[in-house]
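**Q** These protein sequence lines are chains P and H, in that order. Numbering follows my numbering, in which position 42 of the first sequence is assigned residue number 42; successive positions increment by one, without gaps. Numbering follows my numbering, in which position 141 of the second sequence is assigned residue number 1141; successive positions increment by one, without gaps. First, the structure itself, so that you have it in front of you.
2 protein chains.
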Amino acid sequence: MDNERLKLKNQLCFPLYACAKEVVRSYKPYLDEIGLTYTQYIAMMVLWEHETINVKTLGEYLYLDSGTLTPLLKRLESAGFIERNRDLNDERNVIIKLTLKGEALKQPASMIPEKIQKCLPITQNEAEILYKLLYKILDNK
Amino acid sequence: MDNERLKLKNQLCFPLYACAKEVVRSYKPYLDEIGLTYTQYIAMMVLWEHETINVKTLGEYLYLDSGTLTPLLKRLESAGFIERNRDLNDERNVIIKLTLKGEALKQPASMIPEKIQKCLPITQNEAEILYKLLYKILDNK
DNA sequence: ACATATAAAATTGCATACAATGAGATTGTG
DNA sequence: CACAATCTCATTGTATGCAATTTTATATGT
């Protein structure tokens, strides 16, 4: 039995898991100001880029499935940020579309990335190295 | 408004968040075999190292609070892997202790890290770079 | 045309996460 | 000693995540 390898500090997955949680958590004060959770925020980011998108494609961008997205999108709809409508050309699809209120949220949201970057204790160079390694793993999934 | 910075692909947090989810998810088939979730698995890892520990200290290792740990530990207790007892010297503390069944789980669990490492598309050297950067961020929290 | 296969969302069930609050025990200080 | 502050754990409420299943719609083969 490999005792050493089984220790928490020797596993890559644990700092990945814990670090992701902590960094996401550090968004909360800023996201509270604009009334979004982190997952809602990244969903809105895709919409600010694409205007309209169906649930499946949104899920491919975010690595999330309809089990997570359907209730999340219903909450964004209740908050007035998006509209959800069946695609008339293919009724299987639900098309997500920004409302004016959702579009307007883009401006205050655009201030957040810089604030977060400032409180990360790594250089721009280190961030790029980290970014590349993470996508190397992610692209493999 | 900084449109470029607001794009999903330009944020460090997103690949961190998505990568952590996907890697944790890749544990599932192996963890299913021994009847643990990922969070239960990392809690057990701390116990395999420490034998006994209170909830607060366990939470400091795992970056989790009692709101997550209390129900999780109750499930591990129901499954027969641990015991939960009040510390007689200080009744505020709950002492977590492995059962024989929990101790026995260490052996099949010890096979998992190697299996995971093999399916990660990065070199040992890259894993170490990643590890160090993640802890640099984590230690700052 | 019609039965079958496939596709997209929604639903269900379970287990986290975490902020906020509550309850009980202990400690520090006047 | 009294008692306020602190500490530890549990509870509550909300929002994910995700596997598995169901529902509805579309595509495909004969």
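A virtual CB, placed ideally from N, CA and C, is assigned to each residue, including glycine.
Rounded to whole angstroms, what's the CA-CA distance from D1032 of chain H to Y1038 of chain H? Just pull it up for me.
**A** As a first step, residue 1032 of chain H must be located in the second sequence, where it is residue number 32. As a first step, residue 1038 of chain H must be located in the second sequence, where it is residue number 38. The alpha-carbon atoms of D1032 of chain H and Y1038 of chain H are separated by roughly 10 Å.
**Q** Are the CB atoms of K97 of chain P and E83 of chain P within a distance shorter than 7 Å?
**A** Position 83 of the first sequence holds residue 83 of chain P. Position 97 of the first sequence holds residue 97 of chain P. Yes, they are a contact pair.
**Q** When the Cα of V1023 of chain H is compared with those of P:F14, P:Y30, P:V23 and P:E128, which residue comes out closest?
**A** Looking up residue 1023 of chain H in the second sequence gives position 23. Answer by Cα proximity: P:F14.
**Q** N10 of chain P by DSSP, collapsed to three states: which one?
**A** Numbered from 1 along the first sequence, position 10 holds the residue referred to as residue 10 of chain P. In the structure shown, N10 of chain P sits in a helix (DSSP, three-state: H, G or I).
**Q** Starting from L1098 of chain H, follow the beta strand (DSSP E) in both directions and report where the run begins and ends.
**A** Position 98 of the second sequence, counted from the start, is the residue given in the question as residue 1098 of chain H. Per DSSP, L1098 of chain H belongs to the beta strand (DSSP E) from V1094 to L1098.
**Q** Any C-beta of chain H sitting closer than 7 Å to the C-beta of Y17 of chain P?
**A** Numbered from 1 along the first sequence, position 17 holds the residue referred to as residue 17 of chain P. So yes, Y17 of chain P belongs to the interface.
**Q** Evaluate C119 of chain P with the Cβ neighbour count: other Cβ atoms within 10 Å of its Cβ, from every protein chain shown; 16 or more gives buried, anything less gives exposed.
**A** Counting from one through the first sequence, the residue named residue 119 of chain P turns up at place 119. That one is exposed.
**Q** Which chain H residues sit within Cβ distance under 7 Å of Q11 of chain P?
**A** As a working note, residue 11 of chain P is residue 11 in the first sequence. Under the 7 Å cutoff, chain H gives P1113.
**Q** Around the C-beta of Q1040 of chain H, are 16 or more other C-beta atoms found within 10 angstroms, so that it is buried, or is it exposed?
**A** For the purposes of this step, residue 1040 of chain H is identified with residue 40 of the second sequence, where counting begins at 1. The residue in question, Q1040 of chain H, is buried, as its Cβ has 16 or more Cβ neighbours within 10 Å.
**Q** Does Y131 of chain P get closer than 7 Å to chain H when you measure Cβ to Cβ?
**A** For the purposes of this step, residue 131 of chain P is taken as residue 131 along the first sequence, with counting starting at 1. By this cut-off, Y131 of chain P is an interface position.
**Q** Do the segment 51-68 of chain P and the segment 87-97 of chain P meet, that is, are 3 or more Cβ pairs less than 8 Å apart?
**A** yes
**Q** Can you pull the chain H neighbours of P121 of chain P, defined as C-beta to C-beta under 9 Å?
**A** Against the first sequence, residue 121 of chain P aligns to sequence position 121. Simply K1136, I1137, D1139 and N1140.
**Q** Could you pull the start and end residues of the beta strand (DSSP E) that E1083 of chain H belongs to?
**A** Here residue 1083 of chain H is taken as the residue at index 83 of the second sequence, counted from 1. Note, E1083 of chain H: beta strand (DSSP E), I1082 to R1086.
**Q** Using a C-beta to C-beta distance shorter than 9 Å, which residues of chain H count as neighbours of A127 of chain P?
**A** Position 127 of the first sequence, counting from 1, holds the residue named residue 127 of chain P. By Cβ distance, chain H contributes L1012 and L1133.
**Q** Run through chain H and tell me which residues come within less than 9 Å of E8 of chain P, C-beta to C-beta.
**A** Counted from its first residue, the first sequence places residue 8 of chain P at position 8. The amino acid occupying residue 8 of chain P in the given sequence is Leu; Glu does not appear at that position. What L8 of chain P touches in chain H: I1042, M1045, V1046, E1049, Y1061 and L1062.
**Q** Going by CA-CA distance only, name the one from H:L1138, H:L1100, H:L1134 and H:E1128 that's closest to W1048 of chain H.
**A** Taking the first residue of the second sequence as 1, we reach residue 1048 of chain H at position 48. Considering only alpha carbons, the answer is H:L1100.
**Q** What are the start and end residues of the alpha helix (DSSP H) that includes I1122 of chain H?
**A** For the purposes of this step, residue 1122 of chain H is identified with residue 122 of the second sequence, where counting begins at 1. Following the DSSP letters along the chain, one finds I1122 of chain H in no alpha helix (DSSP H), marked with neither H nor E.
**Q** Within the continuous beta strand (DSSP E) that includes T52 of chain P, where are the two ends?
**A** Against the first sequence, residue 52 of chain P aligns to sequence position 52. Counting along the chain, the beta strand (DSSP E) containing T52 of chain P begins and ends at T52 to N54.
**Q** With 16 as the cutoff for other CB atoms within 10 Å, does P121 of chain P come out buried or exposed?
**A** As a working note, residue 121 of chain P is residue 121 in the first sequence. So P121 of chain P ends up on the exposed side.
**Q** So what does DSSP say about Y1063 of chain H, is it helix, strand or coil?
**A** Numbered from its first residue, the second sequence carries residue 1063 of chain H at position 63. Y1063 of chain H carries a coil assignment under DSSP once its states are collapsed to helix, strand and coil.
**Q** Can the beta-carbon of M45 of chain P be found less than 7 Å from the beta-carbon of L1008 of chain H?
**A** By 1-based counting over the first sequence, the position of residue 45 of chain P is 45. By 1-based counting over the second sequence, the position of residue 1008 of chain H is 8. A contact, by the Cβ cut-off of 7 Å.
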